[in-house]
DNA sequence: GGCCGCATCCCCCGTGCGGGGGATGCCAAA
DNA sequence: TTTGGCATCCCCCGCACGGGGGATGCGGCC
């Protein structure tokens, strides 16, 4: 096998630390290289020990898990971070996954599942607890409003409307008259019930008609 | 143990169906109750057989996996759906997870992993392939590009700029002169190097300064 | 053949907005 | 104390855009 996975545990409750360590030590390919009782100490320990992965409790005195995770991510992005928390999933998960935290598990996780999660995360995968996933997926589709019936040409124009180009510029790109573009735009705005170009684009994005990254 | 998990397999390739069935039959608590070679037949079969979970290939003739999944979800939301697809993850995953599909795995998945995925999904969890997860998480934080130094007031105005309100309307909401808003807007556009209000909003959204759902 | 959706093109008007130039008062840092 | 950032307010200009009214030709559908 490969080298063992080097783990740092950060939690303010000694029982939790010891419990985790005991469970994880049963696995031959896992190695506990350190423990810390708050974020500040944990951050220092992570810098010194350079573990493969850090298990961090979210709620801690002095420096909580979120603060520590963000700082550690900045200091050494190669160290994987697995957030541990109680049974509730609060809104901080969005900031955390956005910051690139690899793992997020609840403390009632089965030991075997935790081990699998650790393996997944150290192998570059992401492991999010089903409840976390549900929450994130829920945010993905805030409004799946009824699709608007746009013609293919209108869809094309709509994409161009998301670009910085003026109607005149769009017209010259598409080799048609500016009036044609304005005419399409008028129809689009009416169909989408939007007051102006900017709102139409935002609305289209909400409906999934336009992707944020594919703008001309 | 409990009753076995009743599985319906929907794939247009007989080899894939047989292969899957063979692998899954090795598990004592899994039972293959039916096979179908396209979405239309699969949909009927699902209604008749009432399986616990349906494994659906994404690309199929007649009625593809997405179409079938959405129809089945509508017809009987209690039947879990696990989408099977090739090696690439296309944009349809967003629609699928938004529609509440529980599982999404690539066909190169290890058999053991597939069995675990089936168990997870039938137990009410979500199982998304790591690449899918990455894509979804990536959408949460599209680009965390270098932040632009906006003053608090400018940030506030920027959020209002994403709304349908004209500068005059924003001004009256905030109890300041229209000129003040225009002045802030000018500074914002200059700082963000954007040609107009619409592009500034899009750019701000890309940078994560504005969230799509929190528009005034 | 008639109807209709679709894409193309045209005109006019009012106004929202971008870009340029200012000014004032406040507060904190130097 | 002076400087500089910040928020507020003012004026002018030109253009992009929204909203209203059209027209033409093409293709499919009944």
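Protein chains in written order, with the numbering used here: chain A, 1 to 216; chain B, 217 to 432. Here a beta-carbon is modelled for each residue, glycine too, at the ideal position from N, C-alpha and C. What you are looking at is a predicted structure, and each value in this text was computed from that prediction instead of being measured.
Asked: Given residue 61 of chain A, which residues of its chain have a CB within under 8 angstroms of its CB, disregarding the five upstream and five downstream residues?; Found: 12 and 38
Asked: Pull up the DSSP beta-bridge partners for residue 301 of chain B, would you.; Found: B/322
Asked: Could you tell me whether any Cβ in chain A is nearer than 8 angstroms to the Cβ of residue 351 of chain B?; Found: no
Asked: Can you give the Cα-Cα distance for residue 22 of chain A and residue 222 of chain B, rounded to whole angstroms?; Found: 38 angstroms
Asked: Could you tell me whether the region 255–268 of chain B touches the region 290–298 of chain B, using the rule of 3 or more Cβ pairs below 8 angstroms?; Found: yes
Asked: Select from the region 183–199 of chain A all residues with a C-beta closer than 9 angstroms to any C-beta belonging to chain B, and list them in chain order.; Found: 194, 195, 196, 197, 198 and 199
Asked: Does the Cβ-Cβ distance between residue 56 of chain A and residue 42 of chain A come in under 8 angstroms?; Found: yes
Asked: Closest by CA to residue 190 of chain A, which one among A/150, A/31, A/129 and A/19?; Found: A/150
Asked: Count the other CB atoms within 10 Å of the CB of residue 97 of chain A; is the residue buried (16 or more) or exposed (fewer)?; Found: buried
Asked: Between the beta-carbon of residue 131 of chain A and the beta-carbon of residue 114 of chain A, is there less than 8 angstroms?; Found: no
Asked: Between the Cα of residue 58 of chain A and the Cα atoms of A/92, A/122, A/127 and A/100, which residue gives the shortest distance?; Found: A/92
Asked: Note down, one range per segment and in chain order, each alpha helix (DSSP H) of at least 4 residues found wholly within the region 164–189 of chain A.; Found: 167–173
Asked: Closest to residue 121 of chain A by CA distance: which of B/399, B/345 and B/341 is it?; Found: B/345
Asked: Less than 8 angstroms between the beta carbons of residue 402 of chain B and residue 394 of chain B, yes or no?; Found: no
Asked: Please determine, among B/397, B/283 and B/256, the residue with the shortest C-alpha to C-alpha distance to residue 315 of chain B.; Found: B/283
Asked: Are any of the Cβ atoms in chain A nearer than 8 angstroms to that of residue 322 of chain B?; Found: no
Asked: Can you pull the chain A residues whose beta carbon is under 9 angstroms from the beta carbon of residue 417 of chain B, in chain order?; Found: 198, 201 and 202
Asked: If I follow the unbroken beta strand (DSSP E) through residue 434 of chain B, where does it start and stop?; Found: Because chain B is modelled from 217 through 432, residue 434 of chain B falls outside the range shown and cannot be assessed.
Asked: Pick helix, strand or coil for residue 360 of chain B, following the three-state DSSP scheme.; Found: Residue placement at residue 360 of chain B cannot be trusted, given a pLDDT of 48 that sits under 50; what the coordinates show is reported in the next sentence. Here residue 360 of chain B sits in coil by DSSP.
Asked: Spatial neighbours of residue 258 of chain A within its chain, please: CB distance less than 8 angstroms, with the 5 preceding and 5 following residues excluded, ordered by chain position.; Found: No answer is possible for residue 258 of chain A: the residues shown for chain A start at 1 and end at 216.
Asked: For residue 243 of chain B, which of B/334, B/411 and B/368 has the nearest alpha-carbon?; Found: B/334
Asked: Which stretch, first to last residue, makes up the beta strand (DSSP E) that contains residue 252 of chain B?; Found: 246–252
Asked: Measure the alpha-carbon distance for residue 84 of chain A versus residue 103 of chain A and round it to whole angstroms.; Found: 8 angstroms
Asked: Please classify residue 414 of chain B as buried or exposed, where buried requires at least 16 neighbouring CB atoms within 10 angstroms.; Found: buried
Asked: Does DSSP put residue 286 of chain B in a helix, a strand or coil?; Found: helix
Asked: Compare the Cα-Cα distances from residue 73 of chain A to each of A/101, A/29 and A/135 and report the closest residue.; Found: A/101
Asked: Any beta-carbon of chain A closer than 8 angstroms to the one on residue 387 of chain B?; Found: no
Asked: Quickly, what does DSSP pair residue 8 of chain A with across the bridge? List them, please.; Found: A/34 and A/54
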